[in-house]
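Input: a single structure, listed below in structure tokens.
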Amino acid sequence: MYKIQTLNNISVAGLNRLPREQFEVASELSHPDAILVRSAKMHDLPVPASLKAIGRAGAGVNNIPVPAMTERGIAVFNAPGANANAVKELVLAGMLLAARNIAQGWQFARELEGDDAAIGKAVEAGKKQFVGFELPGRTLGVIGLGAIGVLVANAARALGMKVIGFDPSITVRSAWKLEADVERALSIDDLVSRSDFMSFHVPLTDKTRHMINAERIQSMRDGAVLLNFSRDGIIDDDAAVTALDAGKLYAYVCDFPSNLLKTHPRVVTLPHLGASTCEAEENCAVMVADQVRAYLEDGNVSNSVNFPEIHLPRNGGHRMVVVNRNVPNMLGQISTDLAEDGLNIIDMLNRSRDDLAVTLIDIDKPCQEQTVQRIAGIDGVLSVRCLPDAVQA
Ligand SMILES: NC(=O)c1ccc[n+]([C@@H]2O[C@H](COP(=O)([O-])OP(=O)(O)OC[C@H]3O[C@@H](n4cnc5c(N)ncnc54)[C@H](O)[C@@H]3O)[C@@H](O)[C@H]2O)c1
Ligand SMILES: O=C(O)CC[C@@H](O)C(=O)O
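Sequence positions in the sequence shown follow this note's numbering and run 1380 to 1772.
In structure tokens form, the structure reads like this:
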């Protein structure tokens, strides 16, 4: 029985991928084999010695101390692309909210008083303050052309906007999906100086924090609109508010409210709703539940942010999963220990990523605790476990 701890509400569709006969799933339990999480911050949480995997039911992993998990041989999975359409739709809504002053107009309408004749009169007198502008012909700059950025760029093209994008590490997969007439910006500075709207779809890292600051805002077109559905911290909010107050920026739409932003007349903040659709919540939960299950049951790895992709079909034998540093002679030492315990390797696969390697070894006899201890004692081995035998179909 594997134990799975949930730190946030995880869609039932995902939890249903973990059958109750094999998985105990609860928000409070001791010695979890895996944790499923959405946005809960894990940086200051103790890490149980039993933990083998973390499944992030979403895209961003800045709430998880990934390097520390790697150091302990714990796999971290996310759900790439599973909520991208949900975010894209909210970004499109955000552009319209800003361009048509929808939030401000709605607030005005909610505060109207008097009988309907009085309201009608106030509407006609007041509406001129909410005159907006249309999207076709305007330029959208998209920073980060991954799962979300590509969808946003293509949707904006379909709305008649000119689109320029910047992503120095764009994948071939994303490049194939991108509409051919999305123009490549030479740099962030090039992009910000030519855009009417800017939308950010990058992870929050030390390199992307405050990627938009006072200096970059000064080089923007007058009346530009910023959209941040990525992470709190990508934009320097103090600089954005100063520029809004000075009339340099037209509007700021973001998914991360704060005391500074929440009541500003030119800011629309939403309570981190980017991925909050039934479809996205289900997609993310199903994807990470399947990935965590595959890793716990078979050692196979898909969509990890710190482990290499590795897939070895179960063709009999008793499987051992070794996570080790990617240094010379690890396989030599592991196979020597197996041989000394009289175990024969019938299948083996080793994959590495950066400083870490995963080795799946199928051996001819059930593995003993003493063998696990010997291999765990090899300098550079981060974790070892023997898996229950696969259920034969
Ligand atoms: N508001 C929400 O609810 C919500 C939902 C999903 C994702 N997000 C955020 O959006 C981010 C992007 O999600 P995604 O699914 O598109 O991820 P992704 O990994 O598919 O794409 C991220 C892209 O950013 C690019 N990138 C990284 N650093 C860059 C830089 N300095 N300049 C330009 N490009 C850079 C990468 O090359 C990659 O192509 C996530 O990391 C997460 O923080 C927010
Ligand atoms: O789980 C959520 O609601 C937010 C997820 C989002 O921030 C992400 O990075 O995928």
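Think of the CB as a built atom: it goes at the ideal place given N, C-alpha and C, for glycine as much as any other residue.
All values reported here derive from a predicted model rather than from experimental measurement.
Please list, in chain order, all residues of the same chain as GLN1401 whose beta carbon is under 7 Å from its beta carbon, the five residues on each side excluded.
Excluding positions up to five away in sequence, the list reads MET1380, TYR1381.
Got a sec: does ligand 1 put a non-hydrogen atom nearer than 7 Å to the Cβ of ARG1610?
For ligand 1, at least one heavy atom lies less than 7 Å from the Cβ of ARG1610.
Taking ASN1387 as the reference, give the member of ARG1417, ALA1769, CYS1633, VAL1646 with the closest Cα.
ASN1387 has its Cα closest to that of ARG1417, out of ARG1417, ALA1769, CYS1633, VAL1646.
Please go through the same chain and pick out, in chain order, the residues whose beta-carbon is closer than 7 Å to the beta-carbon of GLY1759, but skip the five residues on each side of it.
The beta carbon of GLY1759 sits closer than 7 Å to the beta carbons of ASN1703, ARG1704, VAL1706, MET1709 from its chain, once the five residues preceding and following it are set aside; these are given in chain order.
Nearest to GLU1594 by CA position, among MET1577, SER1578, ALA1618, SER1609, is which residue?
Comparing alpha-carbon positions, the option among MET1577, SER1578, ALA1618, SER1609 lying closest to GLU1594 turns out to be ALA1618.
Would you mind sorting GLY1460 into buried or exposed? The rule is 16 or more other CB atoms within 10 Å of its CB.
Here GLY1460 is buried, its C-beta having at least 16 other C-beta atoms within 10 Å.
Going by DSSP, what residues sit across from THR1518 in a beta bridge?
The beta-bridge partner set that DSSP reports for THR1518 consists of LYS1541.
By how many angstroms is the C-alpha of SER1609 removed from the C-alpha of HIS1580?
Rounded to whole angstroms, HIS1580 to SER1609 spans 5 Å at the Cα level.
Whole-angstrom C-beta distance between GLY1678 and LEU1739, which should lie under 8 Å:
With a contact defined as Cβ atoms closer than 8 Å, LEU1739 and GLY1678 qualify at about 5 Å.
Using only the heavy atoms of ligand 2, determine whether one of them is closer than 7 Å to the beta carbon of HIS1651.
HIS1651 Cβ: within cutoff of ligand 2.
Please work out which residues of its chain come closer than 8 Å, Cβ to Cβ, to GLU1513, disregarding the five sequence neighbours upstream and downstream, and give them in chain order.
Closer than 8 Å at the Cβ level, and outside the excluded window around GLU1513, lie ALA1478.
Where VAL1529 falls, given that 16 or more other Cβ within 10 Å makes a residue buried
Around the Cβ of VAL1529, a 10 Å sphere holds 16 or more other Cβ atoms; the residue is buried.
Between the CA atoms of VAL1667 and ARG1396 - distance to the nearest angstrom:
The alpha-carbon atoms of ARG1396 and VAL1667 are separated by roughly 10 Å.
Through-space distance from ASN1694 to ALA1769, alpha-carbon basis:
Between ALA1769 and ASN1694, the C-alpha separation is close to 9 Å.
Alpha carbon to alpha carbon, how far is LYS1420 from ARG1573? Give it in angstroms, no decimals.
About 36 Å.
Is the Cβ-Cβ distance between ASP1634 and LEU1652 less than 8 Å?
The Cβ atoms of ASP1634 and LEU1652 sit closer than 8 Å to each other.
Identity of the residue in ARG1563, PHE1576, ALA1526 nearest ARG1552 by Cα
Residue ALA1526 is the option with its Cα nearest to ARG1552.
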